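Beneath this line is the structure, given in structure tokens, with notes to follow.
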């Protein structure tokens, strides 16, 4: 079998080196309100693309910046697949942190065969942390095996969340966040979906839930969590659709089930609030 992992590692390290090189000389621009892209993203992605296509010229390549260009042209985000192999790449996950020179950004690369994830690498160029996942093998952090914390109670769990920067007032995401604050030990919003997943896999976090994310944010991290013994599902507990990854990742099945209930309770509270608000607007006769 071709050495997918060595190519994935090489590509991630090349992309990470460019991020560090660009750190003090990039310019940022907005893809949309509060959504940034930099020359660093583009340079990192191109280096990753060249590394992968040199080794595997016939494989599909799905990069975040390519997807953004397709959306701008009114085309489907994910594009068509021509090969049974697809590399899924986020050249800079945590752009806002990067722009502000705040730790917490990474390169994320995964290889998918048909619908199965084979290899995933998440590389934090600032700390040097390199998380590696391969299907059917224990994942590693800097060469050492990792596993989840096995935490199975929400009230003992440190969890993270990702949601859009452009939330309207009264959003259901806010209701979910508040409900999780009450149910869990503590909640963090740190800015990198890829690193959040790796932190669940390595026991630094106990769980993570996310909306408003894309396949390139989480593909590598999801494989690493699964091989570390964690649970993955959609927000309602059903199987996750990787192409539309609103998801929960947890250290244990018990904690995953509790978080499904926490979010379901938040959704009920939100609906009840909307009903009450609508009723208050009905004029009395």
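Numbering (the numbering used here), first residue to last: 10 to 294.
The beta-carbon is built from N, C-alpha and C at its ideal position, and this holds for glycine as well.
Computed from a prediction, not measured in an experiment: that's the story for all the values here.
Check: Tell me, which residues are paired with residue 125 by DSSP?
Finding: 122
Margin query: Comparing C-alpha positions only, which one of 72, 233, 78, 24 sits nearest to residue 134?
Written below: 24
Notebook entry, point to check: In terms of residue numbering, what span does the alpha helix (DSSP H) encompassing residue 60 cover?
Noted result: 48-64
Check: How many angstroms separate the CA atom of residue 294 from the CA atom of residue 190?
Finding: For residue 294, the predicted model reports a pLDDT of 39, less than 50, meaning its position is unreliable; a value from the coordinates is still stated below. Taking C-alpha positions only, residue 294 is separated from residue 190 by approximately 41 Å.
Notebook entry, point to check: Just reading off the alpha helix (DSSP H) that residue 260 is part of, what are its end residues?
Noted result: First-last for residue 260: undefined, no H or E at that position.
Note to self: Assuming the contact rule is C-beta atoms closer than 8 Å, residue 170 and residue 18 should be a hit. Round their C-beta distance to whole Å, please.
What the structure shows: That pair is no contact at about 29 Å.
Check: Would you say residue 200 and residue 266 are within 7 Å of each other, going by their C-beta atoms?
Finding: no
Note to self: For residue 31, report the span of its alpha helix (DSSP H) as first-last.
What the structure shows: 13-31
Note to self: By alpha-carbon positions, which one of 211, 181, 30, 145 ends up nearest to residue 220?
What the structure shows: 181
Margin query: Judging by CA-CA distance, which residue of 208, 145, 185, 75 is the nearest neighbour of residue 268?
Written below: 185
Next item on the list: Look at the Cβ atom of residue 216, then the Cβ atom of residue 150, and state whether they are nearer than 7 Å.
Entry: no
Next item on the list: Could you check the C-alpha separation between residue 194 and residue 59 for me, to the nearest Å?
Entry: 44 Å
Margin query: I need the straight-line Cα distance from residue 143 to residue 281, nearest angstrom please.
Written below: 44 Å
Check: Under the three-state reduction of DSSP, which class applies to residue 280: helix, strand or coil?
Finding: The answer is helix: DSSP assigns residue 280 an H, G or I state.
Notebook entry, point to check: Mind checking residue 239: buried by the 16 CB within 10 Å criterion, or exposed?
Noted result: Here residue 239 is buried, its C-beta having at least 16 other C-beta atoms within 10 Å.
Item checked: Integer-rounded CB distance, given that residue 31 should sit under 8 Å from residue 56 -> The Cβ separation is near 11 Å, so there is no contact.
Margin query: If you reduce the DSSP assignment to three classes, tell me which class residue 153 lands in.
Written below: Strand, per DSSP.
Next item on the list: State the beta-bridge partners of residue 139 as determined by DSSP.
Entry: 132
Margin query: With a threshold of 7 Å on Cβ separation, who are the neighbours of residue 115 within its own chain once the five nearest residues in sequence on each side are excluded?
Written below: 102, 103, 131, 132, 133, 201, 203, 204
Item checked: DSSP state of residue 295 mapped onto helix, strand, coil -> Because the chain here runs from 10 to 294, residue 295 falls outside it and cannot be looked at.
Check: If you draw a straight line from the C-alpha of residue 210 to the C-alpha of residue 111, how long is it?
Finding: 22 Å
Item checked: Start and end residues, alpha helix (DSSP H) containing residue 91 -> Note, residue 91: premise wrong, no alpha helix (DSSP H); not H, not E.
Next item on the list: Please classify residue 107: does DSSP put it in a helix, a strand, or coil?
Entry: helix
Notebook entry, point to check: Count the other CB atoms within 10 Å of the CB of residue 258; is the residue buried (16 or more) or exposed (fewer)?
Noted result: buried
Notebook entry, point to check: How would you label residue 226, buried or exposed, when you count the other beta carbons within 10 angstroms and need 16 or more for buried?
Noted result: buried
Check: Based on the DSSP output, what are the partners of residue 197 in its beta bridges?
Finding: 169
Notebook entry, point to check: To the nearest angstrom, how far is it from the Cα of residue 247 to the Cα of residue 275?
Noted result: For residue 247 and residue 275, the gap between their C-alpha atoms comes out near 17 Å.
Note to self: Measuring straight from C-alpha to C-alpha, what distance separates residue 42 and residue 176?
What the structure shows: Unreliable placement is indicated for residue 42, whose pLDDT of 47 sits below 50; no coordinate value is reported for it.
Notebook entry, point to check: Do you know how far the Cα of residue 178 is from the Cα of residue 146?
Noted result: 44 Å
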